[in-house]
Structures are given as structure tokens and as C-alpha cells.
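Reviewing the structure listed below.
Residue numbers (the working numbering): 6 to 250.
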């Protein structure tokens, strides 16, 4: 019984295969042919299509929508690449950094000259701050009778290896400075040391008396203000603008 079932199943499979392949079409036994000729008629220039290798394929620009009729078939196109996001615009323009500058100490005459020159600067961009110019003392030799006496004293100091320079004060010329000191006590100590070295005719004098002074202060100098500072330089009389303390 099982043998007959196996034989029947084999015959049925063979018959179905012969039917599906159309071998029995002469006896009127064959599957219905599937055909849609209207789809072939809707193709647009099929002869222009060609198959590309993956490495050679390049994305083609899509055809304008107006060139293809509605419902027509078209070749697949590559997906459009999104453009990178643009950087957000800056909310404000960069500003130049500012620095604080000052110059001094200025005496009363220099302060008046600076005040006149700084009047052209923006209001509030500068100020003159009052301060005290400390006194200064000098160990001094002179005034000498003539240049010959001055040269003789210089030779004597060189022999004793004592340094010296000019006083840079017309009231003390011709003479020699053996040192400048911020206090009178420091100058007197230096004079005692020089006396022990054999210097007998030196003395302590006031090179500059204590006086009222002024400091020019520009707290916020930017590029625009810096370009206007050249007008101050003659009034500053060589005193440089430097960073604030």
C-alpha cells in the first residue's frame, strides 16, 4: 500500500512539472501565460539604460520633473547628501582688549602741560592723580675752581677705586656725584664709608627736595585710544607710558 502511494506521488510531481513547463500544451494542458504589454509601451527610452559597476557608478543629476510624464517609470537615482550645517552667526563683533597705562611722576609744570594735551582725549579716559615726589640726597664733591681741578680729583678717585659720575645739575657743576640716595640717613652712611677710604672733601647735599607730584593714569586704553596717545608724548617730557601698578 505504501509503495503504491509513493509511486502515485512521483507520477503527480512529474505530471505537474511537465504541465508547468508547457510540455503538455499540444494536448491543451498548460498554464496561462502572464503578459502585460501596456507596461512595455509606457517605458521611456529603455535603450539608454546601462548597468554600471559599483565602483564606477556616479550619482546622476535627477531629471527635471517637467520632463517626465505622470505615471512613467524612471531609473533609480542615488539619495541626496545633506549639506553640512552652517555655523551660527556671531551675536556681536569682537572687541579689542583694553589695558591700563600710567606715566609719572610729573612735577606741577609737566602736569599742566599733560592736562592741556589730554583735553582732546575722550572724557573720562584719563586722570591726573596727586602724589608726592620723594626727596633725593647725593654724596657730592665740588664745586671745583676749573676743569684742571676736576680732572685731578677724578684721577684721585680712580686711584682709590671710588666710582663717580656727573651731578647732572647745572647748580652743582663742575662737580662729581659719588652716589644718590632715597634718604638722608643712607647718604650719611655712604659718606662715612668713603671717609674711611680716604675721601675727605665730600659732603651730603639735597639733589632734589620733596615736592608734590602727579601721575597720569589711563585705566582702559583700547586700539582707538592708543592711536591718540602720541599727542601726549611731548608733554610727558620723555616719561614713558607703562602698565599700571
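For glycine and all other residues, C-beta sits at the position ideal for the given N, C-alpha and C.
Practice task
Helix, strand or coil for residue 224, going by three-state DSSP, please let me know.
Solution key: In the chain shown, counting from the first residue as 1, residue 224 sits at position 219. Strand.
Practice task
Taking all protein chains shown into account, decide if residue 189 is buried (16 or more other Cβ within 10 angstroms of its Cβ) or exposed.
Solution key: Locating residue 189 in the chain shown gives position 184, where the first residue counts as 1. Residue 189 comes out exposed.
Problem - Proximity below 8 angstroms, CB of residue 196 to CB of residue 207 - result: Your numbering for residue 196 matches position 191 in the chain shown. Your numbering for residue 207 matches position 202 in the chain shown. A distance below 8 angstroms separates the beta carbons of residue 196 and residue 207.
Handout entry: Coarse secondary structure for residue 169, derived from DSSP in three states
Key = Counting from 1 along the chain shown, the entry for residue 169 is found at position 164. The three-state secondary structure of residue 169, taken from DSSP, is coil.
Handout entry: Neighbourhood of residue 213 by C-beta, 8 angstroms cutoff - its chain only, sequence neighbours within 5 removed
Key = Counting from 1 along the chain shown, the entry for residue 213 is found at position 208. These residues qualify, in order along the chain: 138, 140, 141.
Handout entry: Cβ neighbour criterion (16 or more within 10 Å) applied to residue 166
Key = What you label residue 166 is simply residue 161 of the chain shown in a count that begins at 1. With a 10 Å radius around the Cβ and a threshold of 16 neighbouring Cβ atoms, residue 166 comes out exposed.
Practice task
Just the C-alpha distance for residue 246 and residue 192, rounded to the nearest angstrom, thanks.
Solution key: Here the question's residue 246 lines up with position 241 in the chain shown. Here the question's residue 192 lines up with position 187 in the chain shown. Cα-Cα distance, rounded: 31 angstroms.
Exercise for the section: Report back the beta-carbon spacing between residue 119 and residue 111 to the nearest angstrom; my notes put them in contact at under 8 angstroms. Expected result: The residue given as residue 119 occupies position 114 in the chain shown. The residue given as residue 111 occupies position 106 in the chain shown. At roughly 6 angstroms, the Cβ-Cβ gap stays under 8 angstroms, so residue 119 and residue 111 are in contact.
Practice task
Can you tell me which of the three DSSP states residue 244 falls into?
Solution key: Position 239 of the chain shown, counting from 1, holds the residue named residue 244. In the structure shown, residue 244 falls within a coil segment according to DSSP collapsed to helix, strand and coil.
Problem - Contact check, residue 134 vs residue 219, beta carbons under 8 angstroms - result: On the chain shown, position 129 is the one that residue 134 refers to. On the chain shown, position 214 is the one that residue 219 refers to. Between residue 134 and residue 219, the gap from beta carbon to beta carbon is short of 8 angstroms.
Handout entry: Under 8 angstroms between C-beta atoms of residue 203 and residue 179
Key = Translated into positions along the chain shown, residue 203 becomes position 198. Translated into positions along the chain shown, residue 179 becomes position 174. No.
Problem - Host beta strand (DSSP E) of residue 142 (start-end) - result: Within the chain shown, residue 142 is the residue found at index 137, counting from 1. For residue 142, the uninterrupted beta strand (DSSP E) run begins and ends at 141–147, by DSSP.
Problem - residue 13 versus residue 50: straight-line alpha-carbon distance, rounded - result: To locate residue 13, count along the chain shown from 1; it is residue 8. To locate residue 50, count along the chain shown from 1; it is residue 45. Straight-line Cα distance between these residues: approximately 52 angstroms.
Exercise for the section: Give the straight-line distance between the Cα atoms of residue 21 and residue 28, rounded to the nearest whole angstrom. Expected result: Taking the chain shown and counting its residues from 1, the one referred to as residue 21 is at position 16. Taking the chain shown and counting its residues from 1, the one referred to as residue 28 is at position 23. So the two alpha carbons sit approximately 10 angstroms from each other.
Practice task
State yes or no: is the beta carbon of residue 136 nearer than 8 angstroms to at least one beta carbon in chain C?
Solution key: Included in the structure is just one protein chain, with no chain C present.
Exercise for the section: Compare the beta carbon distance of residue 211 and residue 183 with 8 angstroms and say whether it is the shorter of the two. Expected result: Working through the chain shown from its first residue, we reach residue 211 at position 206. Working through the chain shown from its first residue, we reach residue 183 at position 178. No, Cβ-Cβ distance for residue 211 and residue 183 is not below 8 angstroms.
Practice task
Check whether the Cβ atoms of residue 131 and residue 123 sit closer than 8 angstroms, and answer yes or no.
Solution key: Translated into positions along the chain shown, residue 131 becomes position 126. Translated into positions along the chain shown, residue 123 becomes position 118. Residue 131 is a Cβ neighbour of residue 123, given a cutoff of 8 angstroms.
Handout entry: Beta bridge counterpart(s) of residue 216 as assigned by DSSP
Key = The residue given as residue 216 occupies position 211 in the chain shown. DSSP lists 138 as the bridge partner or partners of residue 216.
Practice task
Report the three-state DSSP secondary structure of residue 20 (helix, strand or coil).
Solution key: On the chain shown, position 15 is the one that residue 20 refers to. Here residue 20 sits in helix by DSSP.
Practice task
Measure the CB-CB distance between residue 169 and residue 162 and report whether it falls below 8 angstroms.
Solution key: Indexing the chain shown from 1 puts residue 169 at position 164. Indexing the chain shown from 1 puts residue 162 at position 157. Going by C-beta atoms, residue 169 is nearer than 8 angstroms to residue 162.
Handout entry: Contact check, residue 113 vs residue 217, beta carbons under 8 angstroms
Key = Counted from its first residue, the chain shown places residue 113 at position 108. Counted from its first residue, the chain shown places residue 217 at position 212. The beta carbons of residue 113 and residue 217 sit closer together than 8 angstroms.
Problem - C-alpha gap between residue 158 and residue 187, whole angstroms - result: Taking the first residue of the chain shown as 1, we reach residue 158 at position 153. Taking the first residue of the chain shown as 1, we reach residue 187 at position 182. If I take the Cα positions, the gap works out to 26 angstroms.
Practice task
Take residue 172 and list the residues in its own chain whose beta-carbon comes closer than 8 angstroms to its own, dropping the five residues that flank it on each side.
Solution key: Position 167 of the chain shown holds residue 172. Leaving aside the five residues that flank residue 172 on each side, the residues in its chain whose CB is nearer than 8 angstroms to its CB run, in chain order, 143, 145, 147, 178, 180, 181, 182, 212.
Exercise for the section: Output the distance between the C-alpha atoms of residue 198 and residue 209, rounded to the nearest integer angstrom. Expected result: Position 193 of the chain shown, counting from 1, holds the residue named residue 198. Position 204 of the chain shown, counting from 1, holds the residue named residue 209. Straight through space, the alpha carbons of residue 209 and residue 198 are spaced by roughly 13 angstroms.
Handout entry: Reduced DSSP secondary structure (H/G/I, E/B, other) of residue 185
Key = Counted from its first residue, the chain shown places residue 185 at position 180. DSSP places residue 185 in strand when its eight states are reduced to three.
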